[in-house]
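Structure, as structure tokens:
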Amino acid sequence: MTARVLVVDDLLPNVKLLEAKLRAEYFEVVTALSGQEAIEAARDHQPDIVLLDVMMPGMDGFATCRALKEDGATCHIPVVMVTALDQQADRLAGLTAGADDFLTKPVQDVALFARVRSLTRLKQMTDELRHRHAQGTELGVITPAALDELGDEDVRVMVITDEAEIEGLACGVAELPTTCEFDYVSDGRAALATVREDPPGLILVDLGMESYDPLRLCSAVRSFEDSRMVPILAIARSVDTKKLVRALDMGVNDYIMRPLDPQECAARIRTQLKRLRYIENLRASFHETLELAVTDQLTGLYNRRYLATQLPRMMKDARRNHRPLSLMILDIDHFKQVNDTYGHEVGDAVLKETARRLHLSVRGVDLACRYGGEEFVIVMPETDDNFAQIVAERVRESVARDSVLLDDGREVPVTTSIGVSSLAVDDFEETPQSLLKAADDALYRAKEEGRNRVVMRAA
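Number 173 in my numbering belongs to position 166 of the sequence shown; there are no gaps in the numbering.
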């Protein structure tokens, strides 16, 4: 896979060398020679990943990384620090600043490219969600998703290793802004069974385990639908380079080198949990956008757009299964007088209460929609005209039985007129438009005949 890589280093020879290597692997490369230039390039070019040197004059790599992660336009871009610094304190400082990885020179090319591809793949998975979220934000229908919102719920961390315990791992829990419960599993098959039934919040896999192939285990976790997005961290030794490269290629999110440092473990776990929450926020906002697109905001029922897409499908299913289908259109009687007498706020309250009573009066398989204004449509699958009339009468009585009680104690009497049409089992000529038209004609007759009644479609 290809990607746009931003290479940042104050030494031009280092930039040129890394640029040549990346271009040989068919990556598109953008370069910067300082921290400020890197920030501007990240905003302008929106790279898929940033390879960042630490030791630079003026704004060093740590400050540059923090600035990138604090900027809403660049916070989603993975940052890998590639530097000659080799102290654990430097690695921890980089991870704390927001870096996704911290590689010490000299870095093997195959390992570097595997890391670039891994992080790029993870980023590209979220780009479409980010784009849709941005559109919803611009329209004002959803709120921005925050990358730094980790949440306060407990997180179950599964550690899969055939060692009795990986010392020091649980000690870093205190560093996390959420509670992690570590569950150690030594049997690979048992771990997969648990993951399939109840996926944990995060998984750590020991690449050195001998009782079960750790790469096959990672592959299986990624193949399960419910655990496909669960972050996986590999626990590796310096001799596990080949396994680590394969693990990154098959979807492992990050890795921790042994001997384990509790603070580094906490930092890497924190990064993965934050990214997971970010993706979950994006998905939730996308689902919210979809719901808003097909839901009437006042009543909570589906809207006319959703009815237009579902009615043809429901009629097709009815014909394929040789089952009847019925439809009713309801209109609140004298609704204009309600608005004129009590005001539009009371009119909205009447619409909401009517919708609630409709929802309680129909089955779960029925489709209830607000058709427009004071009109509602209910589609009833596997319902012939005789049973549809019974349901319509029940709905009419539910609405008319009690007046709508307002917050100030006033009562507004409400009745509805209902028209019903049905699709016969052997009718292949009826269209969604003609079925709605027939119910609407029956509704018009119900109003002519005095309102607060149910009228069936004319033979």
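The beta carbon of each residue, even a glycine, is placed where N, CA and C say it ideally should be.
- Going by DSSP, residue 350 is part of no beta strand (DSSP E) at all; its letter is neither H nor E.
- The C-beta distance from residue 168 to residue 216 rounds to 6 Å, short enough to meet the 8 Å contact threshold.
- Per DSSP, reduced to three states, the secondary structure at residue 25 is helical.
- Annotated three-state conformation of residue 379 is strand, per DSSP.
- Burial is judged here by how many other beta carbons sit within 10 angstroms of a residue's own beta carbon; residue 100 has at least 16 and is buried.
- Excluding five sequence positions before and after residue 307, the CB atoms of its chain that fall closer than 7 Å to its own CB belong to 362, given in chain order.
- In the three-state DSSP reduction, residue 313 falls in the helix class (H, G or I).
- Annotation for residue 54: 11, 12, 13, 37, 84 place their beta carbon closer than 7 Å to its own, counting only its chain and skipping 5 residues before and after.
- Within its own chain, the residues whose Cβ lies closer than 8 Å to the Cβ of residue 300, once the five positions on either side in sequence are excluded, are 312, listed in chain order.
- The C-beta of residue 256 has fewer than 16 other C-beta atoms within 10 Å across all chains shown, which makes the residue exposed.
- Here DSSP, grouped into helix, strand and coil, assigns residue 108 to strand.
- DSSP places residue 395 in the uninterrupted alpha helix (DSSP H) bounded by 392-408.
- Under DSSP, residue 187 takes part in a beta bridge, and its partners are 162.
- Within the segment 64-98, the runs of beta strand (DSSP E) at least 3 residues long that lie entirely inside it are, in chain order, 86-90.
- For residue 86, the closest alpha carbon among the candidates 349, 60, 264 is that of 60.
- When secondary structure is reduced to three states using DSSP, residue 418 falls in the strand class.
- Per DSSP, residue 33 is not a residue of any beta strand (DSSP E), being assigned neither H nor E.
- Residue 44 holds the alpha-carbon nearest to the alpha-carbon of residue 17 among 118, 288, 44.
- Within the segment 177-260, the complete beta strand (DSSP E) runs of at least 3 residues fall at 187-192, 209-213, 239-243.
- C-alpha of residue 165 to C-alpha of residue 240: approximately 10 Å in a straight line.
- Scanning its chain for C-beta atoms nearer than 6 Å, with the 5 sequence neighbours on each side dropped, one finds around residue 186 the residues 161, in chain order.
- For residue 117, the three-state secondary structure derived from DSSP is helix.
- Residue environment analysis places residue 62 among the exposed positions, since fewer than 16 neighbouring C-beta atoms fall within 10 angstroms of its C-beta.
- Contact between the segment 440-449 and the segment 403-416 is absent, with fewer than three C-beta pairs closer than 8 Å.
- In the displayed model, residue 426 falls within a strand according to three-state DSSP.
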